[in-house]
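Protein chains: 2
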Amino acid sequence: MGARVGLLLLGLLGAAGGCGYESCPATEPKMLNVHLIPHTHNDVGWLKTVDQYFYGARNDIQHAGVQYILDSVMPQLQADPTKRFVYVEVAFFYRWWQLQPEPIRQLVRELINQGRLEFANGGWCMNDEAAVHYNAVVDQLTLGLRFLQETFGACGRPRVAWHIDPFGHAREQASLFAQMGFDGFFIGRLDYQDKANRERLREMEQVWRGSSSLKPPAADLFTGVLPNGYGPPFSFCWDQFCSDNPIVDDKSDENNVAERVSSFLRVAEAQAKHYRTNHIVMTMGSDFQYENANLWYKNMDKLLQHVNAQQANGSRVHVLYSTPSCYLWALNQANLTWSLKHDDFFPYADGPHQFWTGYFTSRPSFKRYERLSNNFLQVCKQLEALAGPGIRKGPYGEGDSSVLRRAMAVAQHHDAVSGTEKQHVANDYAKRLAAGWEACQVLVSNALATISGSKENFIFCNYLNMSVCPLSEAAGQFTVILYNPLGRSVRWIVRLPVNGAQYSVMDTDGQAVLSEIIPVSNFTRQLRRDRGNARLELIFPAVAPALGYATFAVTRLAGERQLGPQEIHARPLEIHNEHVRVLFDPVTGLLQEIQNLDKGITLPVTQGFFWYNASIGNEESSQASGAYIFRPNRSEPIPMAWRVHTYLVKNRLVQEVYQNFSAWCSQVVRLYAGESHVELEWTVGPIPTDDGWGKEIISRFDTPLETDGCFYTDSNGREIQERRRNFRPTWNLSQTEPVAGNYYPVNSRIYIKNRKFQLTVLTDRSQGGTSVSDGSLELMVHRRLLYDDDRGVGEPLMEPGDFHDGLVVRGRHLVLLDTVESSPTRHRLQAQQEFMAPQLVLAPGSAAPSTQGQRFTALRQDLPHNIHLLTLAQWDANSILLRLEHQFEQGESANGSQPVTLNLLNLFSSFTITALQEMNLAANQRREDVTRLTWWLEPGAARPQPPPKLDPSRVTLEPMEIRTFLATVQHRDTGGGLAARWVER
Amino acid sequence: MGARVGLLLLGLLGAAGGCGYESCPATEPKMLNVHLIPHTHNDVGWLKTVDQYFYGARNDIQHAGVQYILDSVMPQLQADPTKRFVYVEVAFFYRWWQLQPEPIRQLVRELINQGRLEFANGGWCMNDEAAVHYNAVVDQLTLGLRFLQETFGACGRPRVAWHIDPFGHAREQASLFAQMGFDGFFIGRLDYQDKANRERLREMEQVWRGSSSLKPPAADLFTGVLPNGYGPPFSFCWDQFCSDNPIVDDKSDENNVAERVSSFLRVAEAQAKHYRTNHIVMTMGSDFQYENANLWYKNMDKLLQHVNAQQANGSRVHVLYSTPSCYLWALNQANLTWSLKHDDFFPYADGPHQFWTGYFTSRPSFKRYERLSNNFLQVCKQLEALAGPGIRKGPYGEGDSSVLRRAMAVAQHHDAVSGTEKQHVANDYAKRLAAGWEACQVLVSNALATISGSKENFIFCNYLNMSVCPLSEAAGQFTVILYNPLGRSVRWIVRLPVNGAQYSVMDTDGQAVLSEIIPVSNFTRQLRRDRGNARLELIFPAVAPALGYATFAVTRLAGERQLGPQEIHARPLEIHNEHVRVLFDPVTGLLQEIQNLDKGITLPVTQGFFWYNASIGNEESSQASGAYIFRPNRSEPIPMAWRVHTYLVKNRLVQEVYQNFSAWCSQVVRLYAGESHVELEWTVGPIPTDDGWGKEIISRFDTPLETDGCFYTDSNGREIQERRRNFRPTWNLSQTEPVAGNYYPVNSRIYIKNRKFQLTVLTDRSQGGTSVSDGSLELMVHRRLLYDDDRGVGEPLMEPGDFHDGLVVRGRHLVLLDTVESSPTRHRLQAQQEFMAPQLVLAPGSAAPSTQGQRFTALRQDLPHNIHLLTLAQWDANSILLRLEHQFEQGESANGSQPVTLNLLNLFSSFTITALQEMNLAANQRREDVTRLTWWLEPGAARPQPPPKLDPSRVTLEPMEIRTFLATVQHRDTGGGLAARWVER
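Residue numbers (the numbering used here), protein chains in the order written: chain F, 443 to 1427; chain V, 443 to 1427.
This is the structure in structure tokens:
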């Protein structure tokens, strides 16, 4: 293989110019410049797994091999200094890079330094935008961009974001890209009505304001709609996958130069009518193309030659090899004034009955696993940073957060968390996450051992959602460690499967903690099948300190099981605690009313499950509901049950109403003592399809609230966007799907309100949701479909579950009823606690009471409640990556939306910050070096303000601001139990 | 494009060793050496035209682009000195070479000089073997090999013949290869029973004796059967067209090194059981593969690495990159004694009901056009050589024999003349030939003008077979020039469409020539449709001198049409001339008896047309009859007619019985005065298929001859092979198709005989033929089929003809009845005259009688009748290529089979030979330099004799010998009419 290198090294051309905009090819000011962008789109898993795509394995499923693409492109670039290429997915590039010998690496470096190999996005993947949480998006982009930065320096830093395939676009994504220093953004998919409208108005390119809180232009992002999705113009595809004729300019019956040139000129002129400058762009590539780059380049060479030769005959069209950044630069240089966009690009439809709103919910279990994995990854990274260097090797072996970092980054791909991959690929994503969990569990164990100074046999119970945990089920004595990754202390209800009738729980101070035992429900027994056999659950409330842990000793007591205060009623009418009361319909058993006892609010709320009958196509359109597309065959969903069987379980800590909707749909309506939200834990599946009907299950809340067609959803877990039924802010919508066309992504919350009161539902994963009528709110929780929806995946969404009878999904909706004024504070904090929940770690035996090391916090004090510690992670041997986030929007909360000033130097107790560098959001550029292009706007230009000089002792965060720092730190002492010294504060 | 070059030039590796066997890679003497042969198989037209294949146009039909293959392979070879590649089809390579800049040419030269880019065959194409005539095969190989020789020198000369795809193999092909200096031959297709038998007996490789006349080892050729056709072993195909998994040797769930290595070792060991040495070969490539060579090489690199690494664990398998010649060399070095094969590889079957014997006849019109084109090409080349240098530019414009040379070479491809290409490709082949005719017609005109010294407006009538010739139809006076390409004078019946009632014909000496007028038959009127409207045909016998021409002046005479001696009978009973009598059945109208009046032989011969009902598959097999495969649905053909309408036309020159078999089948049984053969001119088509039945039409001759299962067919127009019904000389045949399994290619003749008498039928093109029962002989003349036969062409053989109602085909069978002893002389001479017939050229007006230049011969004297002037062609400015052939087999004729000695210096009158170099048959190596590998044979080694020192004045030809010379010549005078000086001798 060594000899292969010679080819590349020796032929290396002398570098011409540097990278960046100054390396862009010359254009013709008085002509129409057609920027050809050679590119490949490499899904980080879809029909094949990531590895199968990288190697080109399983080409029987789809011919695609990324290794060959990169092998093939480099010599083409090397051979001709005019050629350019854009690459995107670092997950693949990283892997290829690892296998390259130094001479090829050197070639690649030079190509990058010449601006001829350009990275766009630069994330580990091209992430989904509808089902992702911003925390994971920031992480995946940081992972990829860091590799590029460290490997290629400034020339490796992408200027352009490039989401050419995701199925709709979130405003938060634009905001994040802007904060990461991107100069522009190109997208391929948007509603067909929207696109037609933009073409007509020449509004294919504008500035997108990604945040209503951040001061412009901090979240402004120049955004362009590509003309042909991300493919080449019709009949100009020269990849091996295409069958368009090559340009034949030889003496031959096949000679087609005249026809090809005139056809191209027609295409270019038609396209130019939709764009405002004398520059247009053509994406010359598509899915997994350029495996044999010669085909593309050889024919594009001829295209350039013959089209440009027509200039001698008066043609005013100039074709050139370009890149996204060079096209963007040309647009910027045009010095036009651009319109401003405030809304987002959801939902995406490519036809009147083709709304891509099914994938907001598709593969709900994986969507939950992904969210939970993000939670654990944050815990893992925090503990890695807190325990300090060297923690990767420890008493429990070699642990590594990078496995989970990468698995999580891969899971953000727009065919991963989106649920639009083949089943075996979904399995692979889950397997990768599981491997990441394993590596992180070792790391967490090492860290806990270092911090606590003890070497327990730490146990992670991964199946608590179905009441399975062998240690707690069997042990007479065990220890519960509750690690809280938030910057504020939290109260959390610990719930563990046990088999003993009585347990005592002691906290770190040796104080008894109130605990209760309740039976494991039949719902749970059905779900877990033979995975465990715990009959009971131990419940106790635990308080964990900020960025730290508390430890609890649990001891099984002798004696018979005593149900004590627990009661079971046949037909419960209500449950309540000190904050909230929930009423049930005595006839139907359904939830009927919620009362906020603190505020004296009473709202009739009927909640139940329904299913939409999935369309298999009809006279109007052959479109079936599938992994991507939601299309009910009629707008009215079918109730799961008119009456449900209910019973109540009640003790001092919890009141639970069990509702059995059907053999495959049940719910627990739960109120924990001291909590003011109502928890609805639903269990749905296996969805039967024997009747030949695909089913899409929703949980719907109906209230008398006068909502005037409006409802509200979050964007990737951060800012809230108003949604209006049958309406789009950007164009005059012709609504053709009254249900599917009103679905929006719900990443963490959805609410409806009238002038006074707000009903908010928090989700534990991304789901699709809407309000189909005033006062109503629904979330799609699960779907199982018998037909493929013809968007490429080639499989019906029939998740098989344990026994191939269909997947069972369990999840939670947290319902908050409050005033409009108070609701933001409540859902912000509750949602924060949901996606970054405490991590439970068990150990056999009982830690001696009052031992130092049983309680730990890495903060000198809790962060203010409106500040979120978004990232705390080891960066390199001596520094950590730190992101602090103001988690309130401008004006949504009188208290919460205030700016906050922190002294970073006095924040952490486990290490001392010796130097602090503020970075852009992706941490791939120093904040003071960020110089984004300026775009003139219709309402007047928003000029970026230079960042204030950083004073670590006075770091102010405005609403929705995230500030990113690289902190050089000195750990206090990594040996012998950090907690022993830092427990007190 | 200039920059692309840099890549290739700069990376050029230092040359290691030279070309030839000494450049072969090291092998392991004590191991099983697996020779991987990276190769691509590039059909010179099949599903796409040659140009479409070269450029990769119409990839919607088939993804294939030869330009990219060669683009792709070279850098791979360049980058790694261990890699090798074999290329075959010079038609493509030549074209690619023309487009390459000098640095890439330099690279290619070096790769060839290192033996790493090896040419096999080296012909313009990989020719068919069943439907070709040896004359065209010799030409097409000479064309390709000359390009290689002149471009790359000795290292470009292929050592190995490589017919990996042709559908059966002719003995004559082996003979020609041997005479061209090839050391060995590899084939991919042979009868499945034969292959199984050879595998069992380890007789996959042996020496094939290509001639029963030539003294061994002159026509001996080492011949190997490849193990997997020409593809790679199952699951080891790494081309972009394949879906076999790549070798993944990285950390990945897809890692498959252990499985791939053990699987490969199993395959190698299984294969080795069928071969005799410790070397085996694997063809790593297939149709149009290596468009992205990296896929193949990258994975083969890993295969080599990991398989050979197992040697450290005791494996005795060594894999290496190799070439056909290096594999051959290894076999030769084994010094084994090999068995000898005398028969051929026809017919080819790949299953019990899958006999590839349909293509012997498929596309009969194209097969005829190809044969006719060869005839004209020889005329064209001869005249180019005789008229001398500078003739390409002349009074009629620029003429060029190379257009027809190349078109003819392309037409030899095994999907061209074979008839197994798609319809649009067949059209393209015909178009190429037509373009070649045009260029040659200019050249011939120029030459005739030069030779004759007059500048007539030469007219070529290309549609004489349907009595269309605008000049003769309209002109009152015209001149007929009859050029005879044979080395002996011939008598030829000129037959021209006219509209006058009386004509006079005068020869060169001003003597009146007997002529007759007969009406154009309805058969012909139907055939020509509206292409012409001649009512009559003028017939006169003409004698043309050897390698020269005679001129005839034709003048229309005033007066009414006088049928004169011509009579028309309703139901003729016989026709006869001085040599032969033909009787007809008074009831059926069919031919009934033939009498050779000279010898007093009478043979009952019933001749008629029948059709086989084409199988569309049945219970035994789904195989349908198609372009490749002949499979009648039952063995008995259906008679075209029980009785035929007949009438007689008779005059002093010709007697013709017109037989109308059906609306789409007719025949003229014709006797010309002075000729001793019976001519059967049949017209078949459009074959109706409205009844849903595909039809395969035969002409069958039934006689009482006791033939004992034997019949005889020629091999590519040269040596005769005995065929026996339901028998193969090589193995114990299990016959499964009583008709199709007995079909053999008839390129020029087929005969049956008893001890005394022989009935010979000469064909005007290649056809399939057999003898299904003793005394019977049949030829398939046309076929039209409704189903594709699943061998890739993907079209039923439904040749559309003029109005898409089906192609009409007209052809001639010449029937000879004679003694066994006399027959060879008759069929040799008659067949020679058929494939190299005189060329008719017309000119308006009448040449003045007795003008010098009206008669010309380039020979000082006629060649002996057993000597054929196979080739006379301009080679370069000062030399010509000359091939003399002894056209009799050893012992077949008391007189004809005698050796002949010629004085070459005294042969030609138009030029003087100043130097003479004898060459091998392909003219790419001097005869004295030919050193073929020696193979030990079971009956004892045949050691090549050094060629006798050439004495140009005494050149002896033994039976079936072809001797090839490059003669440096001095033309006597190219200006002002050569004929003027050389007419007398």
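All residues carry an ideal CB built from backbone N, CA and C; glycine is no exception.
Determine the extent of the beta strand (DSSP E) in which residue i is found, giving its start and end residues.
i                 : result
ASN1038 (chain F) : 1033-1038
MET850 (chain V)  : Run containing MET850 (chain V): none in the beta strand (DSSP E); it sits in the alpha helix (DSSP H), 843-853.
GLY1134 (chain F) : No beta strand (DSSP E) holds GLY1134 (chain F); DSSP gives it neither H nor E.
VAL602 (chain F)  : 602-605
Tell me whether the beta-carbon of residue i lies closer than 7 Å to the beta-carbon of residue j.
i                 : j                 : result
GLY1068 (chain V) : ASP1230 (chain V) : yes
TYR925 (chain F)  : GLN1281 (chain F) : yes
VAL602 (chain F)  : LEU770 (chain F)  : yes
LEU1305 (chain V) : GLY929 (chain V)  : yes
ARG933 (chain V)  : PRO983 (chain V)  : yes
LEU1326 (chain V) : ARG1405 (chain V) : yes
Looking at the secondary structure, which residues open and close the alpha helix (DSSP H) in which residue i lies?
i                 : result
PHE1277 (chain V) : 1265-1277
LEU903 (chain V)  : What sits at residue 903 (chain V) in the sequence shown is Cys, not Leu. Taken as a continuous stretch (DSSP letters only), CYS903 (chain V) belongs to no alpha helix (DSSP H), as it is neither H nor E.
In three-state DSSP terms, what is residue i?
i                 : result
ASP1371 (chain V) : helix
VAL1342 (chain V) : strand
PRO766 (chain F)  : helix
VAL1283 (chain F) : strand
PRO1081 (chain V) : strand
LYS835 (chain F)  : strand
ASN1366 (chain V) : coil
LYS637 (chain F)  : helix
Taking the alpha-carbon positions, what's the residue i to residue j distance?
i                 : j                 : result
VAL910 (chain F)  : ALA1285 (chain F) : 15 Å
ARG1302 (chain F) : SER1351 (chain F) : 5 Å
ALA499 (chain V)  : LEU1314 (chain F) : 56 Å
TRP650 (chain F)  : LEU980 (chain F)  : 50 Å
ALA1083 (chain F) : GLY1050 (chain F) : 8 Å
SER1150 (chain V) : ARG1073 (chain V) : Just to set this straight, residue 1150 (chain V) is Asp in the shown sequence, not Ser. Answer to the nearest angstrom: the Cα atoms are 25 Å apart.
For a contact defined as C-beta to C-beta under 7 Å, what are the partners of residue i on chain C?
i                : result
ALA499 (chain V) : The structure shown has no chain C; the protein chains it does contain are F and V.
Evaluate contact between the region 1150-1161 of chain V and the region 606-617 of chain V, counting only Cβ atoms and requiring at least three cross-stretch pairs below 8 Å. With a cut-off of 8 Å, the region 606-617 of chain V and the region 1150-1161 of chain V count as touching, because enough Cβ pairs lie within range.
Is the region 961-970 of chain V touching the region 886-897 of chain V in the sense that three or more CB pairs, one from each, lie closer than 8 Å? Segments in contact, no.
Would you check if the region 1137-1150 of chain V and the region 1073-1092 of chain V touch, i.e. whether three or more CB-CB distances between them fall below 8 Å? Contact between the region 1073-1092 of chain V and the region 1137-1150 of chain V is present, with at least three C-beta pairs closer than 8 Å.
Determine contact between the region 754-762 of chain V and the region 1340-1360 of chain V, defined as no fewer than three beta-carbon pairs at a distance below 8 Å. No, the region 754-762 of chain V is not in contact with the region 1340-1360 of chain V.
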